[in-house]
Structure formats: C-alpha cells, structure tokens
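Notes to accompany the following structure.
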Amino acid sequence: MIPLHAHPVPAQLWFAATPPHGGEGGKREQADSDLDARSLRVLIVEDEFFISLDMQNLVQALGHSVVGIAVSAADAVRMAQSERPDVALVDIRLIGPRDGIDAADEMFNRFGIPSLFVTANTDPHTRARAQAVHPLGFIEKPANSQRLRAALRSVPQ
Amino acid sequence: MPARVFKYGIPPQRIRTFLILFAIALAAPLLGLAVYSLNRMASLEQAEIERRVLQVAEDLAHDIDRELDRAVAILDTLASSTVLRRGDLPAFHIQTRAALKHAGAAIVLIDRTYQQLTSTMANFGTPLPKTADPETARRVFETKQRQVSDLFRGSMDGRAVFNVEVPVIEGATVLYVLIMSFPASHIANLINRPNLGTPWINGVTDNKGVILARSERHDEFVGKPLPPDLLERSRAAKGVFRATSVAGADVLRATVRSDVAGWLVSATVPVAFLEEPRRRSQFFGAAMLGTALAIGLALAYIFAGFMARPITDATHAAAAVGAGKLVDPLHSPLVEANTLTAVLSDASTELKRREEHAAFLMGELAHRSKNQLAVVRGMASQTARQSKSIDQFSADFNQRLQGLAESQDLMLRQNWQGAWLEDLVRAHLNLFAATPRADISGPPLFLEANAVQNIGFALHELATNATKHGVLRTPDGHVSVTWHRTDERIHLEWKETGGQEPKQPDHRGFGSLVLTQLVPQSLQGNATLEFTSEGCRWALDFAATHVLTNHPPSNQRAL
Chain A
1 MIPLHAHPVP AQLWFAATPP HGGEGGKREQ ADSDLDARSL RVLIVEDEFF
51 ISLDMQNLVQ ALGHSVVGIA VSAADAVRMA QSERPDVALV DIRLIGPRDG
101 IDAADEMFNR FGIPSLFVTA NTDPHTRARA QAVHPLGFIE KPANSQRLRA
151 ALRSVPQ
Chain B
1001 MPARVFKYGI PPQRIRTFLI LFAIALAAPL LGLAVYSLNR MASLEQAEIE
1051 RRVLQVAEDL AHDIDRELDR AVAILDTLAS STVLRRGDLP AFHIQTRAAL
1101 KHAGAAIVLI DRTYQQLTST MANFGTPLPK TADPETARRV FETKQRQVSD
1151 LFRGSMDGRA VFNVEVPVIE GATVLYVLIM SFPASHIANL INRPNLGTPW
1201 INGVTDNKGV ILARSERHDE FVGKPLPPDL LERSRAAKGV FRATSVAGAD
1251 VLRATVRSDV AGWLVSATVP VAFLEEPRRR SQFFGAAMLG TALAIGLALA
1301 YIFAGFMARP ITDATHAAAA VGAGKLVDPL HSPLVEANTL TAVLSDASTE
1351 LKRREEHAAF LMGELAHRSK NQLAVVRGMA SQTARQSKSI DQFSADFNQR
1401 LQGLAESQDL MLRQNWQGAW LEDLVRAHLN LFAATPRADI SGPPLFLEAN
1451 AVQNIGFALH ELATNATKHG VLRTPDGHVS VTWHRTDERI HLEWKETGGQ
1501 EPKQPDHRGF GSLVLTQLVP QSLQGNATLE FTSEGCRWAL DFAATHVLTN
1551 HPPSNQRAL
C-alpha cells in the first residue's frame, strides 16, 4: 500500500490541468494555522477515499501534517508503527475483518497513540465499545474544520 | 367503531355476568320444579291425611253399626222365642239373662204402655218403672221396625245410656218392644283406638246433637250438646273439614253418619299434630334445596372463575400487545384462552422483533446517510480543486453525484447488500448513453456494498474520460468491459478500441489517482492504467472476498 501523503493531491488534473483554487483550503487555511501553533502528525484511518481526501485537506488546512491514510485496521497499525503519528483520526467501520475500535485499541496499547473517532451516527452498543478503548473523543461525520480543530486541541503534548 | 355498540338489544356485559345468567337459566327451572314438587308432595300428604281421617271415621261408623246389628240380632232371636209367645214371662226373663253377654248392658221387655215387664237388671217379679225413653219405643210400635235411641238417662240408675229396640210382632200387631240398653261408655270403648296415637279423638253425636261417646274424656263430655255451628257443619259434611273441637282445639274432622242409628261418627286429629311433620318435611326440603343451591352456586362460581379469569387475563394480554409489550402465553384451565394468548405471545414477540429491526434499520440508515454526506462533501471538495469555473464545478460535481446515485440505486434495490457487477457496469455506461457501443461480458458476480461504490467511482471516471477525451467521442469507438474469476481473485478489464489518436491524459490527474490508487486501495487490490493509440485500458484485480455468495438469485437482477 502506498501512503497517500507521498502523493499529495496534484496541482494538475488528469483531464483538466488546472491549479487548485477555492475549495476548503485557501484563505481559511492561513487563518486556522495561526490559531493552532502546534503542528501535529496525523494518521487518517478511513476506507472511503472521498472522505479521507477531504479529511486530509482539512487537517492540512489546520496546519498539521497527514502521515498516511489507512483503509483497514491492519494498515492503520502498520502505519502507526512506522510513522508514529501524534494522533489517529479513526473511522469505526472499515474494510477487512477488524474495525476502527480494534485498531485504536491496538495503536494506543502498543504505541501510545491516541485516537479520535470520526463516526456517523452509531448505535449505543458500538458507541459503548468505542468509549471503552478511551479515545480522545468523537467527531461527528461529516467532519468540518471547526469540529476537527476543537478535537485536535485535546491531543496531549 | 360502529355507531351501534350492541347488536342483540342488550348492552355489552362481562363474561362473568353471562356465566351467572347461564347458571341462573339452568338452575331456575330446576328450582321451580323442586318447589313445585315439595308443594305437590305436601298437598298429596295433606290429601293422604284427609283420606285417613275419613277412613277412620268410616271404620268407626262401620264398627258401631256392626255392634248395633249384633244387638239387633240377639233381640230378634229373643223376640221370636216361643216362651215369650206363650206369655211365659218368667221363663223369658231367664232366657234374656242367659242371652245377655255384655256386662253393663240390660235387656228389657215393655208393653204398649211402656211399662217394663221384665228387666235383666232386676229379678222377675220386682216392681219395675216405665221406660225412661218412651219416644223410641213409640216409634217401634208405629213403624214395626227396629229403632236405636238417642242418649238418655236410665230409669233405674240414671246412667247415660242408649237403647236398641225391636218389635215383638204377633200377626199384624206389635205386642211388645224388646230393648237392649247400653251404657254410652260402651260406644266410647268401641271408638277408643289407642293404636291411632294420642292426638286422635273420636266421638259420636246422637240425632239430637248430644255427645253420646268420646274416645277421650268421655265422662266429661257425654250428654253435652255439640256446639251448634260444629253440629251444623258435621251434619252437612261430606268428607273432611277443619273445625274447632268441643275441647277447643283446632282440628281436622271427618264425620260419617251411622246407617243403623243415624248418629254422627267423627274422627278428629289436631291440625298442629298434622302440620308438625309437614312443617318439618318442608323445612327439611327447603334446607336440602338451599344446600344444593349453595353447593351449585359455589361450583358455578368456581367454574365461572375457570373461564372468566383466563378470558380477563387474555384481554389484558391483548391490551399489553396493543401497548407494545411482550406477553407470555397463558397456562390457564381454559384451552381457548391458552391458544389465544399463545398467538398473542407470538405476535408480541414478532412485533418486538420487527420494532427492533425497524430501529436497527433506522440507525443503519442514519449512519449511512451521514456517511454518504461525508462522501458527498469530499466529492465536492475534490471536484472543486479541479474546477476552473463554477460552471465546470457544477457540471462535474453533478455528474459524479449522478454516478454515486446510480450505484446507490442499485444497492437500494438489493436491500443495501450490494449489486450485480453487470448491473453496475450497465448503469454507469447508461449514464453516458454508451451501452450500445459496449461489449459487456462476464460471469454473474454479486459485489458487496463497498466494492459497488468504489468500482462505481472507477467506472464513472473511465466513462467520463472516454466521453470527454477518449473513444466515445469518435463514431467507431468501442468499449469492452469484461471480468472473470480465477481462484480467489476477480479480474476486471476496461478496454477501449477504435479511438483516433485520443488525447493523452495527465497521469497525475485526479481521475488517474482514483483509478490507479484510491479505488484499488479501497478494495485492497491492484490496478494498471495504460494508454494506447486505440484508447485506454484499465485492469483491476481484487480479492473474491468482495463477492457475496449468499446473494439473491441472478434472475432477480435489478436491470
């Protein structure tokens, strides 16, 4: 698997080579990064690429860096081991046999990497399971810049 | 709810009420019959007692007549004596004394002057008085028939006596009257029947209405007149009537007339004595009836409970089902209630299950829709990064959204489980009206939801590119989409042919990223993208774990 941070979203597009403009980043990016002095190294664990790319943009716009995007629990653990991020943004439903709660649990126990769950409306049972692995918090999907910034502030030094 | 609440003319009642009515309907006729029988029995008993009283009176009258007849027979025998006809009175006196068997009685012979000629009470030759009862003798002389006197006081000793008198006839004339005189106590002894029991009192009243004999306290009552009303009723009586006795008691009385003497022979029994056993039997009957009724009602109450309680419980169970609660089947004595509640229990369980399933689906739907919103948000921001203008963004974004909608639509039809690969390919080609120029072939494969969405994205990027820059711009352009399965891998190929020098797209564009990295990564597979003079060729290889085996039959395909 190729970590996506090695392939930042290109300025030139496949069928319409145009430099990026507008979008989520741009002017907001400058303002937000001023507010968040500490730059974090963030691992994104999400199997929907449109969502993970969006998250990547948001995280970067806040002045942090994305160390990788994992689509499964196994990927997440492996990337956590090699990249040692400060925090992982974890979707609970992932492809493969294990879910995001599993991944968060293992990343914290093995590498001390805390997780923020990025979830859609989850049922109480799943929510309780997620709570049990002591995440830093929950971010409701669809995530936006404000929610993300607030959540990332809780990452310990 | 119909406007008319009750159909049968009565307001709705609880089952217990109907059971009580049912019990009453059963018991009431029986109760009536029982009361009727008791009354009937009582009146039969009454009739039997009356018959008995009458029977006793008749027996007494019969016995008295027989006794009088016997006296008449003795007297007739004596009257025909040759000694008497010869006028030999001393010899006749001896004969009469010999004929007299009954102690206390006397035989007297009188002439037409009522002068006693002989009397067994005195030796022959002793001067004798005239008879104390000339009236009866006179009738004998007149009628030449035997006569029985009423009560009178004897000429010799003043005792209460009565006479039986026969004529002694010589030719056509009555020479003498032969008399047998009895003390009234003789009849009293005759009518005293101790075997009848103490309360029975029998009496004889003569033609003048004077008491001649009484089975009880004879000496006290003999010679006294019967009270006029009692006498009146006794003379008129046919059978039994209620009366007040001379002793003042309330009695049931039967009076029969003696054929020989014309006397009134009565048998009486106190009403109180009769009614005592009758009252006792009525009380006993009522007590039995009451007990039976009480037992019956108690049993009816118990059995009603057996029915009413389960029905009530079943009603509560039905209400509980209505309120969305789980109910347990009843284990009552009533089979119907058990069956009913078993059905209700199953229904409540099923209802609960559906409720939970609905809640689960709602939760799932909420999750999916929020997740899809996140996808759409990402799609919008990625499209925006590539767009030169709002118009271009709008067009591209709408196109991608349409593609996502197509994939979703397919899954929606398969209950969110996934979609057939062929359906997916056709749906995305249809969106660009490219199906007529496409060759689609491969075995039926039912993909899970994640694969559907990602392969859908890839197909969409390919079709977009083919339409804008590739083979679908040219009239001879052709696309073949094929797939096959080897062991545990699925191989999918998009191959364009007939393109006329297609534009060489930028390898580092977003579409390229989707096809070479994002989609394969999401499927944990590999993809290659290459461009030839005829068009582009894209090959995807992914694990067969994305294919569901417990999918719906292929003939239920969505398209």
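One line per chain: the protein sequences are A and B, in this order.
Residue numbers for the first sequence follow the numbering used here, so the first one is 1 and each next one is one higher.
Residue numbers for the second sequence follow the numbering used here, so the first one is 1001 and each next one is one higher.
A virtual CB, placed ideally from N, CA and C, is assigned to each residue, including glycine.
From a predicted model like this one, the values you see are computed outputs, not experimental measurements.
According to the DSSP assignment, residue 1180 of chain B belongs to the beta strand (DSSP E) that extends over 1173–1183. Look at residue 1094 of chain B here: in three-state DSSP terms it is helix. The three-state secondary structure of residue 1485 of chain B, taken from DSSP, is strand. Among the residues facing chain B, residue 50 of chain A is included, as its CB has a counterpart in that chain under 8 Å away. Under the three-state reduction of DSSP, residue 1122 of chain B is assigned to coil, being neither helix nor strand. Judged by DSSP secondary structure, residue 1296 of chain B falls outside any beta strand (DSSP E) and instead within the alpha helix (DSSP H) spanning 1271–1322.
Taken in chain order, the members of the stretch 56–71 of chain A whose beta-carbon sits within less than 7 Å of a beta-carbon on chain B are 57 and 71. Residue 1221 of chain B and residue 1293 of chain B have their C-alpha atoms spaced approximately 52 Å apart.
In this structure residue 1263 of chain B is in contact with residue 1206 of chain B, their Cβ atoms being roughly 5 Å apart against a cut-off of 8 Å.
With the rule of 3 Cβ pairs closer than 8 Å, the stretch 1238–1256 of chain B counts as touching the stretch 1268–1278 of chain B. Close to chain A, meaning a Cβ-Cβ distance shorter than 7 Å, are the following residues of the stretch 1444–1466 of chain B: 1450 and 1465. Residue 1471 of chain B counts as buried, since at least 16 other C-beta atoms from the protein chains shown sit within 10 angstroms of its C-beta. Excluding sequence positions up to five before and after residue 1089 of chain B, its CB lies within less than 8 Å of the CB of 1109, 1117, 1118 and 1124, all in the same chain and listed in chain order.
Under the three-state reduction of DSSP, residue 98 of chain A is assigned to coil, being neither helix nor strand. In this structure, residue 45 of chain A places its C-beta atom within 8 Å of the C-beta atom of residue 70 of chain A.
Apart from the 5 residues on each side of it in sequence, residue 1326 of chain B sits with its Cβ closer than 6 Å to the Cβ of 1348 and 1352 in its chain, given in chain order. Residues 1537 of the same chain have their beta carbon placed closer than 6 Å to that of residue 1530 of chain B, with the five preceding and five following residues left out of the count.
Secondary structure in the stretch 82–155 of chain A: the beta strand (DSSP E) runs of 3 residues or longer, each lying completely within the stretch, are 87–90, 115–119 and 137–140 in chain order.
The beta carbon of residue 1130 of chain B sits closer than 6 Å to the beta carbons of 1114 and 1115 from its chain, once the five residues preceding and following it are set aside; these are given in chain order. Within the stretch 93–120 of chain A, those residues whose Cβ lies closer than 7 Å to any Cβ of chain B are, in chain order, 95 and 120. With a threshold of 8 Å between beta carbons, residue 85 of chain A makes no contact with chain B. Chain-ordered, the chain B residues with CB closer than 8 Å to the CB of residue 143 of chain A read 1374. At a C-beta separation below 8 Å, residue 1348 of chain B has no neighbours in chain A, since its nearest C-beta there lies roughly 23 Å away. Residue 1202 of chain B places its beta carbon 8 Å or farther from that of residue 1100 of chain B. Under DSSP, residue 1266 of chain B takes part in a beta bridge, and its partners are B:1203 and B:1255. Check the Cα spacing between residue 1191 of chain B and each of B:1178, B:1214 and B:1045: the tightest is with B:1214. Listed along chain A is no residue with a C-beta nearer than 7 Å to that of residue 1424 of chain B; the closest approach is about 17 Å.
For residue 1121 of chain B against residue 1103 of chain B, the beta-carbon gap comes to about 12 Å, at or over 8 Å, which does not count as contact.
Runs of the beta strand (DSSP E) spanning 3 or more residues and lying entirely within the stretch 1372–1448 of chain B occur at 1418–1420, 1438–1441 and 1446–1448, in chain order. The Cβ-Cβ distance between residue 1111 of chain B and residue 1176 of chain B falls below 8 Å. With 16 or more other Cβ atoms from the protein chains shown falling within 10 Å of its own Cβ, residue 1181 of chain B counts as buried. For residue 53 of chain A, the chain B residues whose C-beta falls within less than 7 Å of its own C-beta are 1378 and 1382, listed in chain order. Within the same chain, Cβ atoms closer than 6 Å to the Cβ of residue 1097 of chain B are found at 1120, the five residues on either side in sequence being excluded. When the alpha-carbon of residue 142 of chain A is set against those of A:76, A:53, A:119 and A:150, the nearest one is in A:119.
With respect to the 8 Å criterion, residue 1330 of chain B and residue 1313 of chain B are classified as neighbours on the basis of their beta carbons.
Taken through DSSP and simplified to helix, strand or coil, residue 1537 of chain B comes out as strand.
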